[in-house]
Amino acid sequence: MKRVASVLLGSLMLLSACTDGEHNKPMSTEVSSLPEPASLGVDEAYSERLINIAYAQLSKSVEAAQALQSSTVALRKNATPERLNEARGHWRASYSAYLSSLAASDIPVREPSEWFAAKLTRRHLAQQLNSWPIEPGYIDYLEGYPFTGIVNDTTLTIDRESLLAQHQFSDATYVSVGYHAIEFILWGEDGQRPASDFDINATKPEEGDTSPVTHQQRRGDYLATLADILIADLQRLQMRWAPSPEARGYYAQLLSTVTPAETLQASLLTVNRIIEQDLLQNYLTDVGSSPFSGGTPVDVEAILRGIRQVLISEDGTSGLQPLLTARKQERDMALLAEVITLTSADTACIAGWQTAVSYPDGQSDCRQQMLELLITLKQINDQLGLKIPASG
Numbered sequence: 005m006k007r008v009a010s011v012l013l014g015s016l017m018l019l020s021a022c023t024d025g026e027h028n029k030p031m032s033t034e035v036s037s038l039p040e041p042a043s044l045g046v047d048e049a050y051s052e053r054l055i056n057i058a059y060a061q062l063s064k065s066v067e068a069a070q071a072l073q074s075s076t077v078a079l080r081k082n083a084t085p086e087r088l089n090e091a092r093g094h095w096r097a098s099y100s101a102y103l104s105s106l107a108a109s110d111i112p113v114r115e116p117s118e119w120f121a122a123k124l125t126r127r128h129l130a131q132q133l134n135s136w137p138i139e140p141g142y143i144d145y146l147e148g149y150p151f152t153g154i155v156n157d158t159t160l161t162i163d164r165e166s167l168l169a170q171h172q173f174s175d176a177t178y179v180s181v182g183y184h185a186i187e188f189i190l191w192g193e194d195g196q197r198p199a200s201d202f203d204i205n206a207t208k209p210e211e212g213d214t215s216p217v218t219h220q221q222r223r224g225d226y227l228a229t230l231a232d233i234l235i236a237d238l239q240r241l242q243m244r245w246a247p248s249p250e251a252r253g254y255y256a257q258l259l260s261t262v263t264p265a266e267t268l269q270a271s272l273l274t275v276n277r278i279i280e281q282d283l284l285q286n287y288l289t290d291v292g293s294s295p296f297s298g299g300t301p302v303d304v305e306a307i308l309r310g311i312r313q314v315l316i317s318e319d320g321t322s323g324l325q326p327l328l329t330a331r332k333q334e335r336d337m338a339l340l341a342e343v344i345t346l347t348s349a350d351t352a353c354i355a356g357w358q359t360a361v362s363y364p365d366g367q368s369d370c371r372q373q374m375l376e377l378l379i380t381l382k383q384i385n386d387q388l389g390l391k392i393p394a395s396g
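Okay, so the sequence shown: first residue is 5 according to my numbering, each after it adds one.
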């Protein structure tokens, strides 16, 4: 019995030690469980470059979200088509910058247990920022359903706490906050929402009107509250990547303790996941990511630009270029050239989609391009001896 107790105690101590060890690693289990990469000669500044990319893109996103907030105030004061379009433009700029940040900011670093309890991890924030597809009738009126949605349910208070409580309350598509809730509020079901939907001085619908647009004040309040929540969530992410030595963010601190080779391995893992799970399985499907604004091609372009920024530096001194060039192997140079080509602005996913004969044609060509990029990156992983598993 004593021997059993001793063995059990020893096992528990070993388990505790393993758990503590995992907890103290800067990268999540997704990365730390991979074989340690060999010395690859990755440039020493690569980790710092990744930190700067994440922070810069998130800063752009915050700035555009703050401009959206200001334009929302102006729209509520004077609901004109010009002011509505201005708000739409700021939404687009903020969302594009957020998407461009993902290849750098989504690198799987470890998160404190307190953030899980408080629902403040990157995953929790992403669910508030970028959940889709959405059920638009959960938010506001639809054709034939003029009184549906949070906007028209006067029993619900329009404030931060109430909207967060309603978010994905009973279904993942019941989205009440984030970029796509704002998108629907700004564009409406058919992409043609009129500015009068925000005009608090609009004529009240006559009795018997079967399709009245009401609650302009609540719609404006909802939009303003959504902008406030968006800014708060983006700023949390932004400050976690702050590169300043005097006020270095949590994610930036962790990444600073990782070797450049480990950072590159984590970056390639992240890029693979974005292509496989996000682009191919979600953005490049018939549902699309931004259907109300018709902006799915712009979303894909923003993500691809972020991927290029992580993999390829414009001056050739960081990312894959110096690493593959230094190896002086013909195969490596061919793969590098392929990555540069597949992430350039004149490809099917960017310029090609904008000039495609039809939306489905552009989408199909872009999917093919992403498959080719995925295959090329897998070949680079093999060339470098990196054991990066498929994401899905």
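Heads up, the beta-carbon is just placed ideally off N, CA and C, and yes, glycines get one too.
When the Cα atoms are used, what is the spatial distance from leucine 273 to alanine 78? 43 Å
Using DSSP bridges, identify the partner residues of methionine 31. Val113
What are the start and end residues of the alpha helix (DSSP H) that includes valine 291? No alpha helix (DSSP H) contains valine 291, which DSSP labels as neither H nor E.
Start and end residues, alpha helix (DSSP H) containing cysteine 370: 363-388
Please report the Cβ distance between serine 135 and glycine 192, rounded to the nearest whole angstrom; I am assuming they are in contact, meaning their Cβ atoms lie under 8 Å. Actually they are not in contact, since the Cβ atoms of serine 135 and glycine 192 sit about 19 Å apart, beyond 8 Å.
Buried or exposed, going by whether 16 or more other CB atoms sit within 10 Å of the CB of methionine 374? buried
Tell me whether glutamine 325 is buried or exposed, calling it buried when 16 or more other Cβ atoms sit within 10 Å of its Cβ. buried
Given a threshold of 16 other Cβ atoms within 10 Å of its Cβ, counted over all protein chains shown, does methionine 31 qualify as buried or as exposed? buried
Kindly list the residues whose CB is nearer than 8 Å to the CB of threonine 214, restricted to its own chain and excluding five residues on each side of it in sequence; keep chain order. Bear in mind that a pLDDT of 49 at threonine 214, under 50, signals an unreliable position, so the number given afterwards is only what the model happens to contain. Excluding sequence neighbours, threonine 214 sits near Pro150.
Nearest-angstrom Cα separation, counted from alanine 49 out to leucine 230: 38 Å
Let's test the definition: count the other Cβ atoms within 10 Å of the Cβ of serine 74 and tell me whether it reaches 16, buried, or not, exposed. exposed
For serine 109 versus tyrosine 142, is the C-beta spacing smaller than 8 Å? no
Can you list, in chain order, the residues of its chain with a C-beta nearer than 7 Å to that of arginine 252? Leave out the 5 residues immediately preceding and following it. Ala246
Helix, strand or coil for glycine 323? Go by DSSP, reduced to three states. strand
Less than 6 Å between C-beta atoms, sequence neighbours within five positions excluded: which residues of the same chain meet that for leucine 378? Ile279
State the Cα-Cα distance for the pair glycine 25 and glutamate 342, rounded to the nearest angstrom. Low confidence applies here, because glycine 25 scores a pLDDT of 48, under 50, leaving its location unreliable and the question unanswered by this model.
Which of helix, strand or coil DSSP assigns to isoleucine 279: helix
Spatial distance of isoleucine 189 from arginine 223 (CA atoms): 8 Å
On the CB-based measure, 16 or more other CB atoms within 10 Å of its CB, does serine 43 come out buried or exposed? exposed
Rounded to the nearest angstrom, what separates lysine 382 and glycine 45 at their Cα positions? 19 Å
Where the alpha helix (DSSP H) through leucine 191 begins and ends: The displayed chain sequence assigns tryptophan, not leucine, to residue 191. Per DSSP, tryptophan 191 belongs to the alpha helix (DSSP H) from 183-191.
With a 10 Å radius around its C-beta and 16 neighbouring C-beta atoms as the bar for buried, classify serine 15 as buried or exposed. Only weak support is given to the placement of serine 15: the predicted model assigns it a pLDDT of 38, under 50, and the value that follows is read from those uncertain coordinates. Looking at its Cβ environment, which holds fewer than 16 other Cβ atoms inside 10 Å, serine 15 is exposed.
What residue range is occupied by the uninterrupted alpha helix (DSSP H) comprising isoleucine 55? 50-81
Backbone secondary structure at leucine 328 - three-state DSSP: helix
From the DSSP output, read off the bridge partner residues of isoleucine 316. Gly323
According to DSSP, which residues form a beta bridge with tyrosine 149? Leu146
If distances are taken between C-alpha atoms only, which option among Gly366, Ile186 and Cys353 comes closest to isoleucine 154? Ile186
Give the straight-line distance between the Cα atoms of glycine 389 and valine 304, rounded to the nearest whole angstrom. 29 Å
Take the Cβ of phenylalanine 173 as the centre, count every other Cβ of all protein chains shown within 10 Å, and call the residue buried at 16 or more, exposed below. exposed
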